[in-house]
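Colleague:
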Amino acid sequence: MAVPVAFFALFFAWPVASIVERGLRVDGVWQFGRFGETLSRPEILDVLWFTLWQALASTGLTLLIALPGAYVFARFEFRGKGLLRAVVTVPFVMPTVMVGTAFLALVGRGGLLDELWGVRLDTTVWAILIAHVFFNYAVVVRTVGGLWAQLDPRQEEAARVLGASRWKAWRTVTLPALAPSVAAAALMVFLFTASSFAVVQILGGSTYSTLETEIYRQTVVRFDLTTAAVLTMVQFVAVGVVLAVHARTVRRRETALRMVAPEEAARRPRGVGQWALFAAVLLSVALLIVLPLGVLVERSFATSHGYGLDYYRALQTPDPSGTFLVPLLDTIGNSLRYAVVATLIALVIGGLAAAALTLPRSRLRSRGGTPTAGRLVRGFDALLMLPLGVSAVTVGFGFLITLDEPPFDLRASWILVPLAQALVGVPFVVRTMLPVLRAVDERLREAAAVLGASPWRAWREVDLPLVRRALLIAAGFAFAVSLGEFGATVFIARPDSPTLPVAVARLLGRPGELNYGQAMALSTILMVVCAVSLLLLERLRTDRTSGEF
Amino acid sequence: MSTNPVSIKKAAAAALVAALGVTTLAACGTEDVREAAGKSGAPAPKTVTLVSHDSFNASKEVLAEFTKQTGFTVKVLKSGDAGEAVNKEILTKGSPQGDVFFGVDNTLLSRALDNGIFVPYAAKGLDRVPAEYQLDKEQRVTPIDSGDICVNYDKKYFADKKLAPPVTFDDLAKPAYRNLLVVENPERSSPGLGFLLGTAAKYGDEGWQDYWTKLKANGVKTVDSWELAYNQEFSGSAGGKQAKGDRPLVVSYASSPPVEVLYGEPQPKVAPTGVSTGTCFRQTEFAGLLNGAKNPEGGKALIDFLISKKFQEDMPLQMFVNPVAKDAALPELFTKHGVVVAKPETMAPEKIAEKRDPWIQQWSSLVLK
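If you read the protein sequences in the order shown, they are chains A and B. The opening residue of the first sequence carries number 1 in this note's numbering; numbering runs sequentially from there. The opening residue of the second sequence carries number 550 in this note's numbering; numbering runs sequentially from there.
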């Protein structure tokens with residue numbers, strides 16, 4: 001537990017605390033009066049209200065659309081499942097600038113909806129909500145689906161045999177088992193959408209602003225660090241409340257579950273109802289995810305003289321002005337390297353944290369347990385989630401004023417980029433692994449201990465095989481997050497080895513057909529790289545351990 | 550918070566060796582990321598760190614030339630957009646991220662100078678730079694480049710409509726150009742701010758509000774960023790064509806048409822876009838030696854180099870700006886497809902610093918509401 005705590009203290013708590021202190025203490029005097037003053041401004045209240053309700057609406061909508069998807073991925077066996085699962089994760093890595101472009105092409109002027117029905121949704125809140133579903137679909141499918149796939153379907157079947165209706169069997173057997181992971185997914189989606197930045201800026205026009213865009217505005221544009229600090233504190237409190245509520249609801253629900261290998265539980269859809277569900281999910285994926293991505297792919301081939309590979313060819317040749325110090329294709333290598341390092345860091349830190357969060361509980365229970373220690377552990381659990389809900393600009397600026405002295409003079413170092421990415425990856429690792437780790441039947445570990453296994457051996461022989469799948473899913477998340485991570489990365493000064501999303505943003509920032517086309521082509525490559533990496537990661541799972549449990 | 554951050558940092562350091570151990574271990578395999586940025590092999594030569602905004606670029610040969618002349622290697626650190634990069638330097642004053650900062654423009658100059666992030670240095674060769682660019686009498690900053698923010702027009706649109714494109718600010722408010730112009734929000738975009746300042750310089754502190762009221766009545770559209778304006782709304786760009794952009798007038802740069810030619814596929818004989826030369830605001834970018842620089846000698850040499858003929862002539866095709874040194878020649882692309890902006894609007898940095906926030910607020914309630 002010491003390592004993850006140290007990691008968070010150094011790379012999160014310390015920088016954020018420093019920047020907040022800088023804002024709140026002017027010339028040695030604390031400016032607490034600014035809280036009341038800032039929080040009574042009507043435009044700030046508008047921002048807070050909009051942030052809250054759009055996040056709640058986005059979360060609800062995402063769950064509504066993605067839970068059937070999670071079911072289909074967990075329970076049905078069909079061709080191309082791995083590929084489809086990779087595809088739905090692609091939005092996760094897409095630079096938000098590109099997603100904004102894609103959605104404008106669908107719901108904006110001259111877009112599909114406009115052509116068909118004359119409906120335009122850009123600069124409406126609907127565009128923001130739909131884009132949030134697009135981004136977070138995979139969060140639900142992967143977090144919930146990961147556990148669902150391993151639930152023993154025979155329990156539900158038993159309930160049916162005993163006379164329960166299908167709905168009742170699901171509600172009383174499956175839903176309670178799934179609750180922790182549904183709550184975890186909802187929590188992540190909420191935190192993500194509450195701190196949404198680029199989507200709101202691009203699709204919302206100048207009309208909407210969230211807490212996140214407001215903190216950015218106060219810090220970067222107005223350089224009013226005091227107001228920014230007040231808003232950061234508000235963000236902290238809000239996220240804290242959300243985490244507390246989440247912890248409360250989940251704590252009572254977590255129980256040991258019977259788990260099976262996913263291959264045993266999944267089968268082909270049967271009957272009209274299942275096929276209809278299957279078709280509906282495929283349709284929603286096609287409309288919400290494949291179509292927007294398809295727009296970008298289409299544009300990457302559309303040159304001024306018909307379709308062609310011109311933009312892709314241009315990526316290999318040096319820029320006419322020699323502007324990028326490295327060929328654009330090298331940015332793929334940069335991105336992959338950063339992502340691998342970030343994934344490793346996230347897995348080590350997140351894995352240790354998840355293990356620490358599971359183990360003490362069992363030990364506590366056997367000793368009769370102390371409530372303080374339990375609370376401490378839960379507090380730590382919540383702490384790990386904070387980076388998801390706290391503004392990237394706060395963290396980025398915080399890095400600047402804290403990591404400036406040896407041995408942590410990291411500001412000019414490349415390692416800062418994967419570190420910042422890992423900060424966002426860790427919560428995913430913890431969230432995906434924790435429900436599974438906690439669901440491992442304690443008696444299995446006890447049995448191992450009775451039979452003379454050391455704690456390490458018990459973990460290796462009991463926990464590891466059971467969590468291997470969750471570990472891979474977590475790795476996939478961490479990898480995808482760091483591959484597409486843009487928020488934190490742009491707030492950190494980078495030596496000139498741009499990542500792919502950064503290169504895309506730079507291309508879009510210049511006039512000229514070739515720049516625009518190359519941005520589209522690079523984004524398409526980013527999609528493919530992401531999908532292929534995730535597919536490879538899933539392949540790692542081929543060793544059959546299913547016989548053991 | 551502690552009053553003694555240093556001891557806290559040391560304590561933290563001791564406790565955190567474990568964490569760092571993990572991260573460095575994980576990092577072993579990717580040492581080449583670092584090497585891609587610097588030169589590999591041989592013991593590292595003395596480096597000088599240049600902090601700049603994301604748009605900074607220079608060709609490899611030119612940076613190599615600097616190393617050959619001085620023995621210093623340049624390490625470039627990109628620190629966000631211009632406003633963000635300047636704020637970061639203010640935040641880290643006294644313990645800067647590098648030695649030289651490049652990219653503070655006249656709209657941000659006062660903020661940078663008032664916060665004391667630069668120390669004076671009289672660059673060698675400054676006599677080749679016209680006095681009009683040297684805005685700081687104490688020489689804390691050195692002018693490096695200049696550019697103009699102007700309305701661009703889609704040539705094809707105006708040819709098809711047999712309509713003369715607008716030339717001046719006044720033209721933009723005429724009924725003939727109703728619903729044709731898209732601008733950027735001055736609070737969130739630097740060309741947007743430049744355009745607002747241009748109108749304020751033209752119509753005066755009290756007159757620009759009337760002008761914008763007319764623009765609004767004439768159907769001006771506002772978006773948040775240059776990217777959205779140019780790649781989505783402007784009918785003359787590749788992105789705008791695909792997105793069916795319907796605004797043939799956009800606030801962009803005087804250098805945009807040559808860049809359209811450079812990145813045409815294939816390169817067109819004439820630029821597809823033109824510049825309304827009576828709608829321009831002059832932007833000048835400066836570099837300065839950072840207060841607390843670790844390598845001030847290297848920093849001074851670098852500033853000298855930034856106004857050398859070699860660097861000044863490399864700049865236009867790298868960052869699409871004009872050189873300030875009199876002896877630097879413009880590339881053919883610029884002389885052939887660019888325009889000469891004879892009388893750009895200008896404004897003193899002190900005035901910009903004073904008026905910027907209230908004006909943006911007035912603008913918002915006038916145009917956005």
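We put the beta carbon where it would ideally sit given N, CA and C, even for glycine.
1. Enumerated in chain order, which unbroken segments of the alpha helix (DSSP H) with a length of 4 residues or greater are wholly contained in the segment 782 to 847 of chain B?
2. Could you spell out the range, first to last residue, of the beta strand (DSSP E) harbouring S695(B)?
3. For E809(B), which residues in chain A fall below 7 Å Cβ to Cβ?
4. With three or more C-beta pairs closer than 8 Å as the rule, is the segment 698 to 711 of chain B touching the segment 823 to 833 of chain B?
5. Can you tell me where the alpha helix (DSSP H) holding E212(A) begins and where it ends?
6. Between the Cα of A127(A) and those of L63(A), L187(A), A198(A) and A164(A), spot the shortest distance and give me the residue it belongs to.
7. Less than 7 Å between C-beta atoms, sequence neighbours within five positions excluded: which residues of the same chain meet that for E862(B)?
8. Taking only beta-carbon positions, decide if Q421(A) is within less than 8 Å of chain B.
9. Taking 8 Å as the CB-CB cut-off, is Y404(A) touching chain B?
10. Counting only beta-carbon atoms, is G788(B) nearer than 8 Å to chain A?
11. Where A803(B) and R431(A) are concerned, what is the direct C-alpha to C-alpha distance, given to the nearest angstrom?
12. Looking at the structure shown, is V711(B) part of a helix, part of a strand, or coil, going by DSSP?
13. Which same chain residues, not among the five before or five after S601(B), have their C-beta less than 8 Å away from its C-beta?
14. Which residues does DSSP pair with Y307(A) in a beta bridge?
15. According to DSSP, is G643(B) part of a helix, a strand, or is it coil?
16. Classify N606(B) as helix, strand or coil using the three-state DSSP reduction.
17. The beta strand (DSSP E) with S601(B) in it runs from where to where?
18. Does the beta carbon of G632(B) come closer than 8 Å to any beta carbon on chain A?
19. Taking 8 Å as the CB-CB cut-off, is L536(A) touching chain B?
20. Looking at C-alpha atoms only, which residue of T123(A), L472(A) and R34(A) is the closest neighbour of A228(A)?
21. Determine the chain A residues that contact R737(B) at a beta-carbon separation under 9 Å, and present them in chain order.
22. Could you tell me whether the segment 232 to 251 of chain A touches the segment 64 to 77 of chain A, using the rule of 3 or more Cβ pairs below 8 Å?
23. Quick one: grab the DSSP three-state call for T771(B).
24. How would you call D310(A), buried or exposed, if buried means at least 16 neighbouring beta carbons within 10 angstroms?
25. So, helix, strand or coil for L162(A), using DSSP?
26. For G553(A) and chain B, any beta-carbon pair shorter than 8 Å?
27. Quick one: is S482(A) near chain B, going by C-beta distance under 8 Å?
28. Between the segment 897 to 912 of chain B and the segment 748 to 759 of chain B, can you find at least three pairs of beta-carbon atoms closer than 8 Å?
29. Could you say if the segment 82 to 94 of chain A and the segment 162 to 173 of chain A meet the contact criterion of at least three C-beta pairs nearer than 8 Å?
30. Does any residue of chain A have a CB that is nearer than 8 Å to the CB of Y779(B)?
31. Along chain B, in chain order, which residues have C-beta atoms closer than 9 Å to that of D441(A)?
32. Determine whether the Cβ of P15(A) lies closer than 8 Å to any Cβ atom of chain B.
33. So, M98(A) versus L296(A), is the Cβ gap smaller than 8 Å?
34. For K751(B), report the span of its alpha helix (DSSP H) as first-last.
35. Assuming E446(A) is part of the beta strand (DSSP E), what are its boundary residues?
36. Using the DSSP secondary-structure output, state which residues sit across from F667(B) in a beta bridge.
Modeller: Reading it off the structure:
1. List check, alpha helix (DSSP H) in window: 787 to 791 and 805 to 811.
2. The residue labelled residue 695(B) in the question sits at position 146 within the second sequence. Residues T691 to D703.
3. Counting from one through the second sequence, the residue named residue 809(B) turns up at place 260. Chain A residues near E809(B): P511 and G512.
4. Enough Cβ pairs lie closer than 8 Å, so yes.
5. As a working note, residue 212(A) is residue 212 in the first sequence. That run of the alpha helix (DSSP H) goes L211 to Y216.
6. Counting from one through the first sequence, the residue named residue 127(A) turns up at place 127. A198(A) is the residue among L63(A), L187(A), A198(A) and A164(A) whose C-alpha sits nearest the C-alpha of A127(A).
7. One-based indexing of the second sequence puts residue 862(B) at position 313. Excluding positions up to five away in sequence, the list reads P872, A877 and A878.
8. Here residue 421(A) is taken as the residue at index 421 of the first sequence, counted from 1. False, the Cβ-Cβ gap to chain B never drops below 8 Å.
9. Looking up residue 404(A) in the first sequence gives position 404. Looking at the sequence provided, one finds Asp at residue 404(A) rather than Tyr. True, the Cβ-Cβ gap to chain B drops below 8 Å.
10. In the second sequence, residue 788(B) corresponds to position 239, counting from 1. Cβ-Cβ to chain A under 8 Å: yes for G788(B).
11. Position 254 of the second sequence holds residue 803(B). Position 431 of the first sequence holds residue 431(A). Computed Cα separation, rounded: 51 Å.
12. Locating residue 711(B) in the second sequence gives position 162, counting from the first residue. Note that residue 711(B) is Lys in the sequence shown, not Val. DSSP places K711(B) in coil when its eight states are reduced to three.
13. Within the second sequence, the letter at position 52 stands for residue 601(B). Same-chain partners within the cutoff: V625, L626, K627, S628, A634, F650, F651 and G652.
14. Counting from one through the first sequence, the residue named residue 307(A) turns up at place 307. Answer is A302(A).
15. What you label residue 643(B) is simply residue 94 of the second sequence in a count that begins at 1. Taken through DSSP and simplified to helix, strand or coil, G643(B) comes out as coil.
16. Mapped onto the second sequence, residue 606(B) falls at position 57. DSSP, reduced to helix, strand and coil, places N606(B) outside both helices and strands of the structure shown, so it counts as coil.
17. Position 52 of the second sequence, counting from 1, holds the residue named residue 601(B). Note, S601(B): beta strand (DSSP E), T596 to S601.
18. For the purposes of this step, residue 632(B) is taken as the residue at position 83 of the second sequence. For G632(B), the answer is yes, since a Cβ of chain A falls inside 8 Å of its Cβ.
19. To locate residue 536(A), count along the first sequence from 1; it is residue 536. Taking Cβ atoms only, chain B never reaches closer than 8 Å to L536(A), which makes this a no.
20. Position 228 of the first sequence, counted from the start, is the residue given in the question as residue 228(A). Ranking T123(A), L472(A) and R34(A) by CA distance to the CA of A228(A) puts R34(A) first.
21. Within the second sequence, residue 737(B) is the residue found at index 188, counting from 1. The answer, in chain order, is Q201, S206, R217 and V221.
22. Verdict: no, contact absent.
23. Taking the second sequence and counting its residues from 1, one reaches residue 771(B) at position 222. It is a strand residue.
24. Here residue 310(A) corresponds to residue number 310 of the first sequence, with the count starting at 1. Counting Cβ neighbours within 10 Å, D310(A) comes out buried, since at least 16 surround it.
25. As a position in the first sequence, residue 162(A) is number 162, starting the count at 1. L162(A) falls in the coil class under three-state DSSP.
26. Outside the displayed span of chain A (1 to 549) sits residue 553(A), for which this structure offers no information.
27. If you number the first sequence from 1, residue 482(A) lands on position 482. No, its Cβ sits nowhere closer than 8 Å to a Cβ of chain B.
28. With a cut-off of 8 Å, the segment 897 to 912 of chain B and the segment 748 to 759 of chain B count as touching, because enough Cβ pairs lie within range.
29. Output reads no: the segment 162 to 173 of chain A does not touch the segment 82 to 94 of chain A.
30. Within the second sequence, residue 779(B) is the residue found at index 230, counting from 1. Residue contact with chain A for Y779(B): present (Cβ-Cβ distance below 8 Å to some residue of chain A).
31. Residue mapping note: residue 441(A) aligns to position 441 of the first sequence, counting from 1. Proximity of chain B to D441(A) at the Cβ level (cut-off 9 Å) is not reached, the minimal Cβ distance being about 30 Å.
32. The count along the first sequence starts at 1 and reaches residue 15(A) at position 15. Not one chain B Cβ lies under 8 Å of P15(A).
33. The count along the first sequence starts at 1 and reaches residue 98(A) at position 98. The count along the first sequence starts at 1 and reaches residue 296(A) at position 296. Yes, they are a contact pair.
34. Position 202 of the second sequence holds residue 751(B). Counted as a single uninterrupted DSSP element, the alpha helix (DSSP H) harbouring K751(B) occupies residues S739 to Y752.
35. Numbered from its first residue, the first sequence carries residue 446(A) at position 446. E446(A): not part of any beta strand (DSSP E); member of the alpha helix (DSSP H) spanning E442 to V450, first to last residue.
36. In the second sequence, counting from the first residue as 1, residue 667(B) sits at position 118. L839(B), per the DSSP bridge assignment.
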